[in-house]
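Each remark here refers to the structure printed beneath this line.
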Amino acid sequence: MSNNIDQLKNYNFKFKKSLGQNFLFDSNITDKIVNYSLPLSNTVIEIGPGAGTLTKSILKLNVNKIILIEKDKSLIKLLENLKEKNSSIEIYNKDVLTLPIWKLGSGSREVIANLPYNISTKILINLLKNSSQFSKLTMMFQKEVANRIIAKPGSKLYSRLSVITQLKTKTKILFDIPNTAFFPKPKVQSSLVQFIPYENKKHNFNFEKMEELTRFVFSKKRKMLRTIFKKEGGSSFLNSINIYPNIRPENLTLEEFCKLEFALSKH
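Mapping of the sequence shown onto my numbering: residues 175 to 441, in sequence order.
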């Protein structure tokens, strides 16, 4: 790890807390991440490549095109040095939240990333909106967030993120990574999560309206549905769409969320 840090010093790099920079320097772990992503797509997009350790693991497999998206200008020279040795690399010095990455590259595309945790959920939501443009997403999250992503109805961790993610993708945690594997060492543990978008529309719903609905109901998660939807008719409204009025948002299934979203759009 010390060699990697010394290399960064050669580029006058300083870690920026505002960018959520916690780099993964262990090539054994980055190789493992890439192996879980096989087979690789025509275009691999890496968000926040940092010092390029994960990038180098991807390059070992002779990928057709690898697109690196790095916001920190001080890391671009380091990444450009990698590009000089690998013509398959394309670099964007951009904020990933403002870049339509689902349009980058050609053919099938996937994301492999150690995400900056301060914006990881925003990145995920952006990708889910356009999930049909990706073959898979393999990304690192704070362990607590990863557990919320895969949570099922009835769990205390079941949330807006659980619903939206599971409506769009088949999701699983691949493995956990201790905080000691990163530098600077974060206070939290990490998990690698993989998302496989459904090829056909498994659930019928409007993404933007579902975002609005889940944000609304989970902000009132301790209340019963009949109270939350009192203006719409409370129990009679919910009974009309075969949803039990006396349950809380955390007990709604994905199918019930879809029924609720559709009914509210017609109400």
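Positions of the beta carbon are idealized from the N, C-alpha and C atoms, including for glycine.
| task | Give me the Cβ distance between Pro419 and Leu412, rounded to the nearest whole Å; I'm assuming they're in contact under 8 Å. | result | Along the sequence shown, one-based indexing puts residue 419 at 245. Along the sequence shown, one-based indexing puts residue 412 at 238. Right, the Cβ-Cβ distance comes to about 4 Å (below 8 Å), so this counts as a contact.
| Cβ neighbours of Ser176 in the same chain (closer than 8 Å, five flanking residues each side left out) | Along the sequence shown, one-based indexing puts residue 176 at 2. The predicted model places Ser176 with a pLDDT of 46, which falls under 50 and marks its position as unreliable, so this point remains unresolved.
| Spatial distance of Leu366 from Ile347 (CA atoms) | As a first step, residue 366 must be located in the sequence shown, where it is residue number 192. As a first step, residue 347 must be located in the sequence shown, where it is residue number 173. The straight-line gap from Cα to Cα measures roughly 6 Å.
| request: Tell me whether Ser176 sits in a helix, a strand or coil according to DSSP, three-state version. | output: Here the question's residue 176 lines up with position 2 in the sequence shown. Low per-residue confidence applies at Ser176: pLDDT is 46, beneath 50, and the placement is therefore not dependable, though the value from the model is reported in the following sentence. Here Ser176 carries a helix assignment [DSSP, helix/strand/coil].
| request: Measure the beta-carbon distance from Ile286 to Ile207 and round it to whole angstroms, keeping in mind my assumption that it falls under 8 Å. | output: Residue numbering aside, residue 286 sits at position 112 when the sequence shown is read from its first letter. Residue numbering aside, residue 207 sits at position 33 when the sequence shown is read from its first letter. Right, the Cβ-Cβ distance comes to about 7 Å (below 8 Å), so this counts as a contact.
| Nearest-angstrom Cα separation, counted from Val319 out to Glu429 | For the purposes of this step, residue 429 is taken as the residue at position 255 of the sequence shown. For the purposes of this step, residue 319 is taken as the residue at position 145 of the sequence shown. Using only the alpha carbons, I get a separation of about 23 Å.
| said: Going by C-alpha to C-alpha distance, which of Glu385, Lys330 and Ser393 sits closest to Ile338? | reply: To locate residue 338, count along the sequence shown from 1; it is residue 164. Closest by alpha carbon: Glu385.
| request: Inspect the beta-carbon positions of Val270 and Ile297 and report whether they are closer than 8 Å. | output: Counted from its first residue, the sequence shown places residue 270 at position 96. Counted from its first residue, the sequence shown places residue 297 at position 123. Contact flag set, yes.
| field | Under 8 Å between C-beta atoms of Thr217 and Ile232 | value | Here residue 217 refers to the residue found at position 43 of the sequence shown. Here residue 232 refers to the residue found at position 58 of the sequence shown. In this structure, Ile232 does not lie closer than 8 Å to Thr217 by Cβ.
| query | Near Met398, which residues of its chain fall below 8 Å by C-beta distance, leaving aside the five closest residues on each side in sequence? | reply | Against the sequence shown, residue 398 aligns to sequence position 224. Same-chain partners within the cutoff: Pro419, Asn420, Ile421 and Arg422.
| field | Pick from Lys239, Phe308, Asp246 and Phe390 that is closest to Asn267, judged by C-alpha positions | value | Position 93 of the sequence shown holds residue 267. Checked all of Lys239, Phe308, Asp246 and Phe390; the closest Cα to Asn267 is Asp246.
| Euclidean distance between Cα positions of Met314 and Arg396 | Here residue 314 is taken as the residue at index 140 of the sequence shown, counted from 1. Here residue 396 is taken as the residue at index 222 of the sequence shown, counted from 1. Going from the Cα of Met314 to the Cα of Arg396 covers about 30 Å.
| said: Tell me the DSSP secondary structure of Lys405 in three-state form. | reply: Numbered from 1 along the sequence shown, position 231 holds the residue referred to as residue 405. Residue state, collapsed to three classes: coil.
| Unbroken alpha helix (DSSP H) run spanning Ser262, endpoints | Along the sequence shown, read from residue 1 onward, the residue named residue 262 stands at position 88. Element bounds for Ser262: n/a, residue is neither H nor E.
| said: How far does the alpha helix (DSSP H) with Leu434 in it extend, from its first residue to its last? | reply: Along the sequence shown, read from residue 1 onward, the residue named residue 434 stands at position 260. Its alpha helix (DSSP H) spans residues Leu428 to Lys440.
| query | Candidates Ser306, Phe403, Ser364 and Lys361: which alpha carbon is nearest Asn374's? | reply | Stepping through the sequence shown from its first residue, residue 374 is reached at position 200. Per the Cα distances, Ser306.
| query | The beta strand (DSSP E) spanning Val362 covers which residue range? | reply | Residue 362 sits at position 188 when you count from the first residue of the sequence shown. Unbroken run through Val362: none, as it is neither H nor E.
| message | Please classify Tyr332 as buried or exposed, where buried requires at least 16 other C-beta atoms within 10 Å of its C-beta. | response | As a working mapping, residue 332 is identified with position 158 in the sequence shown. Flag for Tyr332 reads buried.
| In the structure shown, what three-state DSSP assignment does Leu235 receive? | One-based indexing of the sequence shown puts residue 235 at position 61. Coil.
| task | Please name the residue or residues paired with Lys310 in a DSSP beta bridge. | result | Your numbering for residue 310 matches position 136 in the sequence shown. Per DSSP, Glu284.
| When the Cα atoms are used, what is the spatial distance from Leu214 to His441? | Taking the first residue of the sequence shown as 1, we reach residue 214 at position 40. Taking the first residue of the sequence shown as 1, we reach residue 441 at position 267. Cα-Cα distance, rounded: 45 Å.
| message | Please report the distance separating the alpha-carbon of Pro327 from that of Phe197. | response | Indexing the sequence shown from 1 puts residue 327 at position 153. Indexing the sequence shown from 1 puts residue 197 at position 23. Distance between the alpha carbons of Pro327 and Phe197 is about 34 Å.
| field | Pair within 8 Å by beta-carbon distance, Asn238 and Ser262 | value | What you label residue 238 is simply residue 64 of the sequence shown in a count that begins at 1. What you label residue 262 is simply residue 88 of the sequence shown in a count that begins at 1. Yes. Within cutoff.
| field | For Pro274, the nearest candidate out of Ser410, Leu387, Asp350 and Phe308 (CA to CA) | value | What you label residue 274 is simply residue 100 of the sequence shown in a count that begins at 1. Among Ser410, Leu387, Asp350 and Phe308, the Cα nearest to that of Pro274 belongs to Phe308.
| request: Look at the alpha carbon of Thr345 and the alpha carbon of Asn380, and state the distance between them as a whole number of angstroms. | output: Locating residue 345 in the sequence shown gives position 171, counting from the first residue. Locating residue 380 in the sequence shown gives position 206, counting from the first residue. Each residue's alpha carbon lies about 20 Å from the other.
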